[in-house]
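Worksheet: one structure, shown below.
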Amino acid sequence: MSRETPVSREGCSTAATATLDECLREAAHRIFAGRGGEAGEALFEARYLAGHVTGLSTAGLMMRGADVIDVPTRQRLDDLVDRRAAGEPVAYLVGERGFWKHRFRCRPGVLIPRPDTETLVEWALSFIPVDGPGFRVLDLGTGSGAIALSLAAERPSATVYAVDRSSEALDVARENMGFVSEQGTPTDVALWRGDWLSAVAPASLDLLISNPPYIADDDPHLGRGDVRHEPRAALVAGEDGLSDYRRLLESTLAVLRPGGRVLFEHGFEQAPAVAMLMRQAGLTAIEVRADLAGHPRVTMGVKGA
Numbered sequence: 028m029s030r031e032t033p034v035s036r037e038g039c040s041t042a043a044t045a046t047l048d049e050c051l052r053e054a055a056h057r058i059f060a061g062r063g064g065e066a067g068e069a070l071f072e073a074r075y076l077a078g079h080v081t082g083l084s085t086a087g088l089m090m091r092g093a094d095v096i097d098v099p100t101r102q103r104l105d106d107l108v109d110r111r112a113a114g115e116p117v118a119y120l121v122g123e124r125g126f127w128k129h130r131f132r133c134r135p136g137v138l139i140p141r142p143d144t145e146t147l148v149e150w151a152l153s154f155i156p157v158d159g160p161g162f163r164v165l166d167l168g169t170g171s172g173a174i175a176l177s178l179a180a181e182r183p184s185a186t187v188y189a190v191d192r193s194s195e196a197l198d199v200a201r202e203n204m205g206f207v208s209e210q211g212t213p214t215d216v217a218l219w220r221g222d223w224l225s226a227v228a229p230a231s232l233d234l235l236i237s238n239p240p241y242i243a244d245d246d247p248h249l250g251r252g253d254v255r256h257e258p259r260a261a262l263v264a265g266e267d268g269l270s271d272y273r274r275l276l277e278s279t280l281a282v283l284r285p286g287g288r289v290l291f292e293h294g295f296e297q298a299p300a301v302a303m304l305m306r307q308a309g310l311t312a313i314e315v316r317a318d319l320a321g322h323p324r325v326t327m328g329v330k331g332a
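Residues 28 to 332 (my numbering) make up the sequence shown, in order.
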C-alpha cells in the first residue's frame, strides 16, 4: 500500500456504488497514513473495524467484497477509521478485546488487556488446584477483571477475589463477569474497592497476583501508540517504575499463608529489580518466566513455611 496512491475518503463515504473492498482499501490507507507502521497491520485493523460495523466475519468480508455497502454503514466505518488513524485504540473503538479464552469489555478509563499478561494467567493456573475448595486467590489492581475472571473460569472451585481502587474499573469488571457468563462460562469473583493490600486479612491468601503500573513517569513510550489513550494511573509508577512493587511487598508476607506465592507481571527489563525487591521482602524460591516473545515478563516468590 503506497502513500503516493491515496484513495479518496469522500469517494467511499458518499459514492452510491462504493463496494466493501473499495472501502476496506481506502480505510487501510487512512489508518496507515495516520499511524504509520506496517501496511498489513493497517489492513488487518480496517477489516476488524469493518467486521464490527457489518457483523461479518473475516471470511464474510472476503466473500462479499464486491457488495455495495449502504451509506449509513460506510459512515459508521469512516468515523471509526478516523478515530483509529488519530491513534485511538481499536479495543476502545469496538468496546472489547479478546484475552485468554474469552472476550472482555473495554472502555476508556480502564487498561486494555494484552497478550503478554496471558503469561501471568497461565503460570497462576499451574498453582491453583483443579479441585481445590478453600484455595484463595487475589488479583490486585484488577482493572477490566480479565485476569481474575480468566482464573475463576478455569478453576471454579477456588475462591477468587479482585481489588481495584477505581470504581470505574470495578464497574467494567462487574460488567465483564456477566459478559463472560453470556459466553457460556459462569464465573464468580468477589470484587471490592480498596487501596492495594490495605483491606486484606493476615495469612488469608494462597496466591497473590498483580499486573501493577510499572512504567517510569518519564518513559517516552507514554507518548506513543495506544498508551496515550489509556489511564495514566494504571501505567505509571514513579521515577523508576518500581514504586508500586515496593509498596505491595511491604505487606505481601503478612497476607500470604505459609507456602503461598506471589506473581508479579513487569516490564521485560525489570525482572532483576523485581526479584531483588522480592528477596529483600523475605520471599524465597524466586523464579522468572518469559512471555511468548521470549521477554522476562513474570516473577514469582514464595513465602517460606
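For glycine and all other residues, C-beta sits at the position ideal for the given N, C-alpha and C.
This one's a predicted model, so the numbers in the text were calculated from it and none came from an experiment.
Through-space distance from residue j to residue i, alpha-carbon basis
| i | j | result |
| --- | --- | --- |
| Val190 | Leu104 | 36 Å |
| Arg192 | Ala180 | 23 Å |
| Ala130 | Thr279 | What sits at residue 130 in the sequence shown is Arg, not Ala. Roughly 31 Å separates the two Cα atoms. |
| Ala264 | Asp246 | 11 Å |
| Thr44 | Phe59 | 24 Å |
| Val98 | Gly82 | 16 Å |
| Arg101 | Gly136 | 28 Å |
| Pro240 | Arg91 | 44 Å |
| Leu276 | Glu296 | 19 Å |
| Leu232 | Ser270 | 23 Å |
| Leu235 | Thr169 | 12 Å |
| Asp253 | Arg141 | 11 Å |
| Asp106 | Ala226 | 44 Å |
| Val164 | Arg306 | 22 Å |
| Trp127 | Leu178 | 10 Å |
| Trp219 | Glu202 | 14 Å |
| Ser35 | Glu53 | For Ser35, the predicted structure reports a pLDDT of 38, less than 50, and the residue's modelled location is therefore unreliable. A value from the coordinates is still provided. Each residue's alpha carbon lies about 7 Å from the other. |
| Leu70 | Pro156 | 43 Å |
| Thr146 | His56 | 34 Å |
| Ile96 | Leu76 | 14 Å |
| Gln210 | Ala173 | 14 Å |
| Gly162 | Asp267 | Residue identity differs from the one stated: residue 162 is Phe in this sequence, not Gly. So the alpha carbons of these two residues sit roughly 34 Å apart. |
| Val148 | Leu262 | 19 Å |
| Gly87 | Arg124 | 20 Å |
Closest residue to residue i among the options (Cα-Cα distance)
| i | options | result |
| --- | --- | --- |
| Asp158 | Glu149, Gly211, Ser184 and Ala300 | Ser184 |
| Val117 | Met89, Asp143, Glu68 and Phe295 | Glu68 |
| Thr214 | Ala196, Ser225, Asp222 and Arg182 | Arg182 |
| Arg251 | Ala86, Gly61 and Val108 | Gly61 |
| Cys50 | Gly205, Met89 and Gly64 | Met89 |
| Asp166 | Tyr75, Gly221, Ala312 and Glu266 | Gly221 |
| Ala308 | His322, Gly328, His293 and Ala320 | Gly328 |
| Val108 | Glu72, Leu138 and Ile139 | Glu72 |
Cross-strand partners of residue i (DSSP beta bridge)
| i | result |
| --- | --- |
| Glu292 | Val325 |
| Ala217 | Tyr188 |
| Glu345 | Residue 345 is absent from the model: the chain starts at 28 and stops at 332. |
| Val263 | Ile242 |
| Ala317 | Pro323 |
Sequence-distant residues of its chain with Cβ nearer than 6 Å to residue i (five each side left out)
| i | result |
| --- | --- |
| Thr326 | Phe291, Ala298, Val301, Ala302 and Val315 |
| His79 | Val121 |
| Leu283 | Leu232 and Lys330 |
| Leu152 | Glu181 |
| Glu37 | Bear in mind that a pLDDT of 44 at Glu37, under 50, signals an unreliable position, so the number given afterwards is only what the model happens to contain. So no residue of the chain qualifies. |
8 Å Cβ shell around residue i - same chain, five flanking residues per side excluded
| i | result |
| --- | --- |
| Ala217 | Thr186, Val187, Tyr188 and Ala189 |
| His256 | Gly114, Glu115, Pro116, Tyr119 and Pro135 |
| Leu304 | Leu269, Tyr272, Arg273 and Leu276 |
| Thr85 | Arg74 and Gly78 |
| Pro229 | Ala281 and Val282 |
Contact set for residue i: own chain, Cβ-Cβ below 7 Å, skip 5 residues either direction
| i | result |
| --- | --- |
| Arg134 | Tyr119, Gly122 and Val199 |
| Asp94 | Thr46 and Leu47 |
| Phe154 | Leu234 and Arg288 |
| Asp143 | Asp318 and Arg324 |
| Met204 | Gly172, Leu176, Thr214 and Val216 |
| Ala320 | none |
Chain C within 8 Å of residue i, Cβ atoms only
| i | result |
| --- | --- |
| Asp271 | No chain C appears in this structure, which consists of one protein chain only. |
Where are the beta strand (DSSP E) runs, 3 residues long or more, that stay fully inside the region 84-132, in chain order? Counting whole runs of 3 or more residues, the region 84-132 contains the beta strand (DSSP E) stretches 123-126 and 129-132.
Run through the region 148-215 for me and flag every whole alpha helix (DSSP H) of 4 or more residues, listed as ranges in chain order. Fully enclosed alpha helix (DSSP H) runs of 4 or longer: 173-181 and 194-209.
Report the start-end ranges of each alpha helix (DSSP H) in the region 48-84 that is 4 residues or longer and not cut off at the edges. Complete alpha helix (DSSP H) runs here, min 4: 66-81.
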